[in-house]
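**Q**
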């Protein structure tokens, strides 16, 4: 063979703009080609001469450190040999020295970074930037992450902004969050996590394995993953969890330093895991559960201990009810468990309990939680308890110098309320509780509960704090298989609400309403307390109590006011680093019948808004101005104010230091915006100060060519 006739490759064009448009990957801010599995993409190969019948041309795709054919990590594709390991290649056209090839990867190919080399005879050509990123494909019917509905794919895969619901069941609000799965270095950070996960090639094919590994790697526990959790209230050595407004800064910092970023709490973990899953191509959503049970140790019960004034005691409880907890649902067909459990799977990267020796949780089929099939992998018992536990109240009294526990109420429908996620294509909350649970009190709920209990075998109903085990128990009874709301002889009912807006700096004006439905004269002893607590249920301050005896002629109701002066809480509010909620607990006892009832409600403070001023539309690469206006309508000075703003595809995360804002003062900050991407873009703003941990605002702008 004469050297001049030896076939060489002179160039490879990855036809990036055409391929990425077809693969819905044109958003990724990266040099290399990003495509989805199971769908054809084209490459143009330029040769030193025309192709002849005897020439051999091979595309070689290798994944991992040392790709080998026998391990399946090196794929050798020849146009004449159509199918190889589920991959296909064909010649689309030959024009002179150019060949246009079409490559279709297998719909269950391992996800990750592939290197492309082109072999002609004994020559191997390594293109510059010859890396191809292969992702899961919700648009491909043969991929296990296939999602039929286009609007859902638009939301759960392609939307890079959104919001996370927080607060309390009494006052739910949304915190805007920038997922930013297309931003610079985010895809590379996800690829780094995939490599770090040590998943085998076979496991990389399966979103169940990948999502479980990512739930472990988003927290720093046991694998120096992305985020270090911190609920201590002291964040001096890092960023307070309240100060993030999106995942981008976190993942970029992690990718650059390869060290855990400080600090996260549940909504931050969920925001970052959502980014990672969407980035890899798995449809994913953030899910918030209000009054979520933690650490119930398989007995489906959370014990709350109160002192004689009705104030919650932190020290006695191992388990707790969080005002809210945020995890994620990822969408996939489960091939590793019996049919009927595909669809949404709960995954949780907040480090709470170890599962198989690591802080990871899920994927747990949401359907398994609903049906009570809690034996299914992974971690279904844990997720079931988070949304289905009972809450039992105990008053601790000293009797002859010893602590005695008196049961003052059981709530069987208080846990796992208002399960929420962002609506598809709209900025509003949608309640998905019915996907996790049958309606309270329905026949299906009873059957599901009996099924779950048969796998969980809960213990009898005795308080199980470390102190309680040696103490005498008063009024304990064993738990019926299907607990019902306690029916009282008098139809005693309690409601707690605020009678004035809860503005920091003003008195907190609340009321406890006592209702009795049975006819007759009744005497009710009422104890009420007000405390400040973190969203994890951790009490930070006792603000005040009331104790009253009222007489009611049933059926009737009476409102008992509970008022807290600003001096009682402002100092705590200014000194804590986290957002705190106002917890009101009421215990009522009817003297004549011994009926007892306990009720608690958590409320959040209400804040004046931030206004975002900017045009509704703008054109690509043309600057426009955006102004953020805030008027302090409170009676207190807001100290050390910071305004954090970010607009994906418009401007990078920016912080304005605003100092102290006096009552009545108006602050205005401006930023010049340069849109670099088309379509609907969002600007997110957040104001934090000593007194207020998060006033958020968001506004959309439509970018045209």
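Residue numbers (full-length UniProt numbering): 1 to 705.
Ideal placement from N, C-alpha and C gives every residue a C-beta, glycine not left out.
Can the beta-carbon of residue 207 be found less than 8 Å from the beta-carbon of residue 282?
**A** yes
**Q** Give a yes or no on contact between the segment 507-527 and the segment 645-665, applying the rule of three or more CB pairs nearer than 8 Å.
**A** no
**Q** Whole angstroms are fine: how far does the CA of residue 638 sit from the CA of residue 504?
**A** 10 Å
**Q** In the DSSP output, what is residue 699 paired with across the bridge?
**A** 683
**Q** Counting pairs of Cβ atoms below 8 Å between the segment 64-79 and the segment 15-24, do you hit three or more?
**A** no
**Q** DSSP on residue 128, reduced to helix/strand/coil?
**A** coil
**Q** DSSP three-state label for residue 250, please.
**A** helix
**Q** Please determine, among 597, 577 and 569, the residue with the shortest C-alpha to C-alpha distance to residue 235.
**A** 577
**Q** Quick one: is residue 242 buried, meaning 16 or more other Cβ sit within 10 Å of its Cβ, or exposed?
**A** Buried: at least 16 other Cβ atoms inside 10 Å.
**Q** Is the CB-CB distance between residue 194 and residue 204 below 8 Å?
**A** yes
**Q** What are the partner residues of residue 657, as DSSP defines its beta bridges?
**A** 642
**Q** Return the first residue and the last residue of the alpha helix (DSSP H) that residue 500 is part of.
**A** That residue, residue 500, is in no alpha helix (DSSP H); it is neither H nor E in DSSP.
**Q** Apart from the five residues on each side of it in sequence, which residues of its chain come closer than 7 Å, Cβ to Cβ, to residue 289?
**A** 324, 325, 386, 387, 416 and 419
**Q** Would the segment 120-133 count as touching the segment 39-59 if we require 3 or more Cβ pairs under 8 Å?
**A** yes
**Q** Mind checking whether the beta-carbon of residue 125 lies closer than 7 Å to any heavy atom of the ligand ZN?
**A** No copy of the ligand ZN appears in this structure; indeed no ligand is present at all.
**Q** So the beta strand (DSSP E) residue 518 belongs to, where does it begin and stop?
**A** 508-533
**Q** Can you name the start and end residues of the beta strand (DSSP E) that residue 44 belongs to?
**A** 40-47
**Q** Under the rule that 16 or more other beta-carbon atoms within 10 Å means buried, what is residue 573, buried or exposed?
**A** Answer is buried; the Cβ neighbour count reaches 16.
**Q** Per DSSP, residue 561 forms a beta bridge with which residues?
**A** According to DSSP, which records beta bridges pairwise, residue 561 is partnered with 511.
**Q** Taking C-alpha atoms, which residue in 338, 344, 322 and 337 lies nearest to residue 331?
**A** Nearest to residue 331 by C-alpha distance, out of 338, 344, 322 and 337, is 344.
**Q** Just reading off the beta strand (DSSP E) that residue 394 is part of, what are its end residues?
**A** 390-399
**Q** May I have a chain-ordered list of the alpha helix (DSSP H) segments no shorter than 4 residues that lie completely inside the segment 92-178?
**A** 150-153
**Q** Please report the straight-line C-alpha distance between residue 685 and residue 622, rounded to a whole angstrom.
**A** 22 Å
**Q** Mind checking whether residue 273 and residue 347 have CB atoms under 8 Å apart?
**A** In this structure, residue 347 lies closer than 8 Å to residue 273 by Cβ.
**Q** Who pairs with residue 264 in a beta bridge, going by DSSP?
**A** 229
**Q** Going along the chain, which residues of its own chain have a beta-carbon closer than 6 Å to the beta-carbon of residue 550, five neighbours each way excluded?
**A** 524 and 558.
**Q** How far does the alpha helix (DSSP H) with residue 450 in it reach, from first residue to last?
**A** Per DSSP, residue 450 belongs to the alpha helix (DSSP H) from 443-456.
**Q** For a test of the three-state rule: what should DSSP assign to residue 626, helix, strand or coil?
**A** strand
**Q** Ordered along the chain, which non-local residues of its own chain (more than five positions away) have a Cβ less than 6 Å from that of residue 546?
**A** 528 and 562
**Q** Per DSSP, residue 411 is paired with what?
**A** 391
**Q** Could you check the C-alpha separation between residue 364 and residue 421 for me, to the nearest Å?
**A** 17 Å
**Q** Decide if residue 269 is buried, meaning its Cβ has at least 16 other Cβ atoms within 10 Å, or exposed.
**A** Buried, by the Cβ-count rule.
**Q** Return the residue from the list 488, 531, 38 and 450 that minimises the CA-CA distance to residue 300.
**A** 450
**Q** Scan the segment 552-604 and note each continuous beta strand (DSSP E) run of 3 residues or more that stays entirely inside, going in chain order.
**A** 581-590 and 596-604
**Q** If residue 103 sits next to residue 115, beta carbons under 8 Å apart, how far is it from one beta carbon to the other, in whole angstroms?
**A** Actually they do not touch by this definition, with Cβ atoms about 14 Å apart.
**Q** Check whether the Cβ atoms of residue 671 and residue 651 lie closer than 8 Å to each other.
**A** yes
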